Each structure stands twice: as structure tokens, then as C-alpha cells.
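Counting along the sequence shown from 1, when you hit position 503 you're at 503 in full-length UniProt numbering, and nothing is skipped either side. Ideal Cβ placement from N, Cα and C applies to all residues, glycine included. Nothing here was measured: the structure is a model prediction, and the numbers come from that model.
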Amino acid sequence: MADQQAAALLGAFAKFFPKATTIGSFVNGELLEGSGEASIEIVNPATGQTVLTYRDAGAAVVAQAADAAQAAQKTWWALTHAARGRVMQAVGGKIRENAEALAQLESLGAGKPIRDCRGEVAKVAEMFEYYAGWTDKFYGDVIPVPSTHLNYTRREAMGVVLQITPWNAPVFTCGWQLAPAIAMGNGVLLKPSELTPASSLVVAALAEQAGVPRGLINVLAGFGHTTGQAAISHPVVKKVVFVGSPATGSKIAAAAAQRLLPSVLELGGKSANIVFNDADLKRACLGAQAAIFSSAGQSCVAGSRLLVQRGVYDEMVDMLARGAQKIRVGEPLDDTTEVGPICNRTQYQHVMNMIDAGVAGGARLAAGSQQRSDGGFFVRPTVLADATNAMGVARTEIFGPVVVAIPFDTEEEALAIANDSEFGLAGAVWTQDVARAHRVAAQVNAGTFWINGYKTINVASPFGGYHHSGYGRSSGVEALYEYTQTKSVWVETAANPATPFGYV
Numbered sequence: 001m002a003d004q005q006a007a008a009l010l011g012a013f014a015k016f017f018p019k020a021t022t023i024g025s026f027v028n029g030e031l032l033e034g035s036g037e038a039s040i041e042i043v044n045p046a047t048g049q050t051v052l053t054y055r056d057a058g059a060a061v062v063a064q065a066a067d068a069a070q071a072a073q074k075t076w077w078a079l080t081h082a083a084r085g086r087v088m089q090a091v092g093g094k095i096r097e098n099a100e101a102l103a104q105l106e107s108l109g110a111g112k113p114i115r116d117c118r119g120e121v122a123k124v125a126e127m128f129e130y131y132a133g134w135t136d137k138f139y140g141d142v143i144p145v146p147s148t149h150l151n152y153t154r155r156e157a158m159g160v161v162l163q164i165t166p167w168n169a170p171v172f173t174c175g176w177q178l179a180p181a182i183a184m185g186n187g188v189l190l191k192p193s194e195l196t197p198a199s200s201l202v203v204a205a206l207a208e209q210a211g212v213p214r215g216l217i218n219v220l221a222g223f224g225h226t227t228g229q230a231a232i233s234h235p236v237v238k239k240v241v242f243v244g245s246p247a248t249g250s251k252i253a254a255a256a257a258q259r260l261l262p263s264v265l266e267l268g269g270k271s272a273n274i275v276f277n278d279a280d281l282k283r284a285c286l287g288a289q290a291a292i293f294s295s296a297g298q299s300c301v302a303g304s305r306l307l308v309q310r311g312v313y314d315e316m317v318d319m320l321a322r323g324a325q326k327i328r329v330g331e332p333l334d335d336t337t338e339v340g341p342i343c344n345r346t347q348y349q350h351v352m353n354m355i356d357a358g359v360a361g362g363a364r365l366a367a368g369s370q371q372r373s374d375g376g377f378f379v380r381p382t383v384l385a386d387a388t389n390a391m392g393v394a395r396t397e398i399f400g401p402v403v404v405a406i407p408f409d410t411e412e413e414a415l416a417i418a419n420d421s422e423f424g425l426a427g428a429v430w431t432q433d434v435a436r437a438h439r440v441a442a443q444v445n446a447g448t449f450w451i452n453g454y455k456t457i458n459v460a461s462p463f464g465g466y467h468h469s470g471y472g473r474s475s476g477v478e479a480l481y482e483y484t485q486t487k488s489v490w491v492e493t494a495a496n497p498a499t500p501f502g503y504v
């Protein structure tokens, strides 16, 4: 079975790297074996079996990648803005041409349902196409300063940036960060999770096929404490962007601060999904399912705290629990699968331990199971009802298909519960009262908020968090500010400008 799984993953990968015998790092246009001492296992989440091993990239490969990115960035920056835009449009087209093969690779590597992977690959193509349109439309200003001076600003590339992306949505976060970075003329060192590097390697290869200069995008497959640390420490790197857990994010920020590097952190969440008595309950229930059970709950914006007004609490929880039991959990490549496995063993154990802790702490298991899976890392969609916001399951990011239902009585109480969290990434409200909807949206501390909906995300809209959910913004025009720096230029226009000294 393991041999068949290895053949499937390697076969999907070999469609893009025909000579590959395992995973490696993509550096200066070539797939390289790692230089590190450690071996890394690729595990099939649907079976729990190791299917491939590869070597950690290590410091030597990082150095090669940094040199390549620095050289290619100068070539890329020298192009006209419109020329960069045309290449980026071509990248989007190349991804669309290879969408099905890339989606299958993502499904095999990350354990995500194939139908979800198809949607995410399409969004990656959209990201490159969207930012292609910004390459010649994002520019500086002329400042109306007094006196005889002309003052204008330039938006200039950072140079080479380091992007560290997570295992839960590898191809999506790859495009999410790559597209605005290269649109603004930067070179990139991309360090995906060591557990799921395959799809990021393919995106980089497709980008070069579309016309991105060789070496502009380098993908480093390896551990964070070795390869990631070597990349942060490399003098070529001018900025660090990290998507992942708050615990790791704080370490990344500290390492970047040692070199006075600016950073963007997109971290975790414990988002409040608030349902009032006047909500359309069927619609709210469907939204709550999407909020927490899609991607097996492995989403930073997951609606993991369901706050329901007491008048409809029992009905809402019962409806959600019945729906959860009907969701199809299964093999990622099966078109009928709605929820796949948890991506890795460590996370699976964390999710199951949190379910156990929730029940032991007094929450009612309205849907789901405490039974461990014998094979893969499968978790049934789980509803922990009758909880309080003081429970560990209501405060800790579970990052699995587990929702905690908490009753409330008043709008003020709902807001107090929603904001009683160290996180501030997302939230939602379900109500037919327009004034209330806008009041709640204004008062919940979150970077993204939905009214009568959940999990709608578009590349044109800024995304990021408050508090321990991070700082800086991804996507939208705001991402372009993250990947550029401002230069102020002064021009003296007077024929005989005044000076403090006249000794010539």
C-alpha cells in the first residue's frame, strides 16, 4: 500500500519534474537535493503511512537560493512595469493549463478533498492575474510642499523577501504571498512547510515556464529550525513574511528582529460566529458548517466559537449537529468527499486531545466521536455544545473540525464573549437587523468580519489580524505596501536657492 501511495504522489510530482525520484528544493531553475543532515518524511494523511523521504535543504542550498534570487531580482526589477504584468498574466495562464494535475498533487500531499483543491488552484491563478494588473498602477505621489522644491515618492522593491507558508493550504498560501511580492519586483525565497512542499515547488516551476526569470522564485524544502533559520539569517533577505501558528510566529518575529528585518505575521484565530434570535437559522446553520467543517477545520479563519442567542440556541445546535453527522468524510481524491483527514499526525493527536478535554471539562458531545482512527488522520465533524468561554476548548485554537457552541442572552454579552480572546482574525454575525449587524461588525475585534455569511475571501480585499492573530496585511492593494518601500525624492527648482553658507 505504501509503495502504491508513493508511486501516486511521485507520479503526480513527476508530471512537472520528470527526472525526480523524490522531493527536493527548487533553486535557480533546478530541483536540488538538500544539503542538510536530516531526512524528512512525507506522510499520506489518509493512511498515516510514510510514502517518501527527502533531505532537509540546509544552509548550503539556502545560500545558493539567496544568490540566485538576488541576481534574478535585479533583472526582474529592470523590466518595465507593463512587461512584469504580462509575465504575471502568463503565470496565471500556465497554472490554469495545469490546474487538474496541480490539484491532484495538492490533494495527495495535504489530504485536502480534490474538489477543494480545484477551487484553491483556480484562486492561485486569479492571484497572479489580479496582481498583474497592479504592476503599472501602483506608484508614488507628488507632495505639495512649500518653497521652490519638487517632492515626489517612489515605491521600490524590498529586494529579496523570505516567505514561510503553512501545511494547511500549501498551494493557496504560496500564490497568496508570491503574487504581490513578484508583482512589485522582488525576488523570493519561499519556505513551505516541510510536510507539504510539493505544490509550491510546482508553482515556482510553472512561473519560470511562463517567463519569470530563472532564480527569481526559489522554494526551500526543509525544517524551520534549520533551513528556515538559515534563510532568516542570510544577509540577502530584507523582509520576512510568515503564515502559521502564533507560537512559531513569535519565534520568527524575534529572529527577524535580531537583524532589524520588517516582518508580516498572519497567525491563528478563535473566531466568533454570532447567531441572534432573528437570524435565518437554516442559512446560519449552513454558514456555520462552512465556517468550521470545510478544510477539516484547518483554517485560520475557522468559525470555531459558535455564539447563539438563547432563544434559538437549542434549535440551532440540534440543526448543526444533525447536519454534521451527514457530512461525507473520506478519501481526498474521491469527488464525493466533503471533509478529508487532518494533515499530519501531530495535529490529529492535538485535535483528538482537545475533544477529550472539552468533554471532560463539561461540554456536551452533540456530534462527532472520541474514537481514534485506526488508519488515517480522520476526525468526524464535531459539535461541543453547552460550553462556556472559560473552557480550554473555547480559548485554544484546535485547528480541526470542532466547533464550540456557547449560549448568550444579550448583544452586549455576545460582544463581550467574542472579544474575550487573545486572537482577532475573523468573525461573523447572523441577524436580520441591519443596524445591529453594523454595530456588531464595528465592535468585534477582528481583521475580517462577515455579515450573514462566512469565509468569503477575495484577492482584492485586504486580510490580516488583530492582537495575537498577527500584524501586516496580505492580499488587496495593502499587500503591495508590504512588499515595497518608500523613497522620498527632493528636487530644487530655484535658480539661486538660499543656503546657510556662501563660501565658494
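| query | Out of Ser475, Val43, Ala125, which has the shortest C-alpha to C-alpha gap to Ser193? | reply | Looking at the Cα atoms, Val43 is the closest of the given residues.
| said: Rounding to the nearest angstrom, what Cα-Cα distance links Ser373 and Gln49 in this structure? | reply: In a straight line, the C-alpha of Ser373 is about 13 Å away from that of Gln49.
| From Thr346, Thr337, Phe378, Thr382, pick the residue whose C-alpha is nearest to that of Gly358; which is it? | It is Thr382 whose Cα lies nearest to the Cα of Gly358.
| query | Whose CA, out of Ala366, Glu338, Asn496, lies closest to the CA of Arg328? | reply | If we check each option's Cα against that of Arg328, Glu338 comes out closest.
| task | Report the rounded CA-to-CA distance for Pro146 versus Pro462, giving the unit in angstroms. | result | About 34 Å.
| Thinking C-beta only, is Pro401 closer than 8 Å to Gly111? | In terms of Cβ geometry, Gly111 and Pro401 do not form a close pair [threshold 8 Å].
| Is it the case that the Cβ atoms of Ala221 and Val91 are separated by a distance below 8 Å? | Their beta carbons are not under 8 Å apart, which means Ala221 does not touch Val91 by this criterion.
| said: Once DSSP output is grouped into helix, strand and coil, what is the label at Val491? | reply: In this structure, Val491 counts as strand in the three-state DSSP scheme.
| query | CB Ile114 to CB Leu333, shorter than 8 Å? | reply | If you check the CB distance, Ile114 and Leu333 come in under 8 Å.
| Residues near Ala279 by beta carbon distance below 6 Å, same chain, minus five either side | Non-local beta-carbon contacts of Ala279 in its own chain, meaning distances under 6 Å to residues more than five positions away in sequence, involve Trp430, Thr431 in chain order.
| field | Which listed residue (Ile40, Ala14, Pro45) has its alpha carbon closest to that of Leu31 | value | Leu31 has its Cα closest to that of Ala14, out of Ile40, Ala14, Pro45.
| said: With a threshold of 7 Å on Cβ separation, who are the neighbours of Ala68 within its own chain once the five nearest residues in sequence on each side are excluded? | reply: So the list reads Val27, Asn28, Gly215, Asn218, once near-sequence residues are dropped.
| query | So, are the CB atoms of Ala460 and Tyr139 less than 8 Å apart? | reply | Taking 8 Å as the Cβ cut-off, Ala460 and Tyr139 do not qualify as a contacting pair.
| field | Whole beta strand (DSSP E) elements within the region 393-419, 3-residue minimum | value | 402-408, all fully within the region 393-419.
| Can Gln73 and Ala12 be called in contact, C-beta distance under 8 Å? | Going by C-beta atoms, Gln73 is not nearer than 8 Å to Ala12.
| query | For Ile40, does the three-state DSSP call read helix, strand or coil? | reply | In this structure, Ile40 counts as strand in the three-state DSSP scheme.
| query | Per DSSP, Arg214 forms a beta bridge with which residues? | reply | Arg214 is not bridged to any residue.
| query | Among all the DSSP beta bridges, which residues are the ones paired with Phe242? | reply | According to DSSP, which records beta bridges pairwise, Phe242 is partnered with Ile164, Leu265.
| Whole-number beta carbon distance between Thr499 and Leu150, since they are thought to touch under 8 Å | Not confirmed; about 18 Å, so no contact.
| said: Taking the straight line between their C-alpha atoms, what separation do you get for Asn273 and Ile143? | reply: A straight-line Cα-Cα distance of about 44 Å links Asn273 and Ile143.
| request: Give a yes or no on whether the C-beta atoms belonging to Ile406 and Ile398 are separated by under 8 Å. | output: Not a contact, by the Cβ cut-off of 8 Å.
| request: Could you please give the first and the last residue of the uninterrupted alpha helix (DSSP H) stretch that includes Trp430? | output: That residue, Trp430, is in no alpha helix (DSSP H); its beta strand (DSSP E) goes 426-430.
| request: Assuming Glu120 and Ala169 form a contact by the criterion Cβ under 8 Å, report the distance between their Cβ atoms to the nearest whole angstrom. | output: Contact holds; Cβ gap of about 7 Å.
| query | DSSP on Arg310, reduced to helix/strand/coil? | reply | The DSSP-derived three-state label of Arg310 is helix.
| Cβ-Cβ separation, Ser304 to Val403 (assumed contact under 8 Å), whole Å | The beta-carbon separation of Val403 and Ser304, rounded to 6 Å, stays under the 8 Å limit for a contact.
| Inter-residue spacing [alpha-carbon to alpha-carbon] between Ala46 and Glu156 | Ala46 and Glu156: Cα-Cα distance of roughly 45 Å.
| field | Option in Leu189, Trp134, Ala390, Asn452 with minimal Cα separation from Ala83 | value | Looking at the Cα atoms, Trp134 is the closest of the given residues.
| Bridge partner(s) assigned by DSSP for Arg364 | For Arg364, which the question treats as bridged, DSSP gives the partners Ala385.
| Taking the Cβ atom as the reference point for each residue, do His225 and Asp136 lie within a distance shorter than 8 Å? | Not in contact: His225 and Asp136 (Cβ atoms no closer than 8 Å).
| field | Buried or exposed by the 16-neighbour rule on C-beta atoms within 10 Å, applied to Val489 | value | Of the residues assessed, Val489 falls on the exposed side of the cut-off, its CB having fewer than 16 other CB atoms within 10 angstroms.
| Neighbour-count burial assignment, Gly362, 16 or more Cβ in a 10 Å radius | Exposed, by the Cβ-count rule.
| task | Output the distance between the C-alpha atoms of Ala78 and Gln70, rounded to the nearest integer angstrom. | result | Taking the straight line from one Cα to the other gives about 13 Å.
| Sorted by chain position, which residues of the same chain lie with C-beta nearer than 6 Å to Asp409's C-beta, five sequence neighbours on each side aside? | Answer for Asp409: Arg310, listed in chain order.
| task | Spell out a yes or no on whether the region 231-243 and the region 380-394 are touching, meaning 3 or more CB-CB pairs, one atom from each, closer than 8 Å. | result | The answer is no - the region 380-394 does not touch the region 231-243, with fewer than three Cβ pairs under 8 Å.
| query | Going by the beta-carbon positions, is the gap between Leu267 and Val202 smaller than 8 Å? | reply | Contact: no.
| Rounded separation between His234 and Ala63 - CA only | Whole-angstrom Cα-Cα distance: 7 Å.
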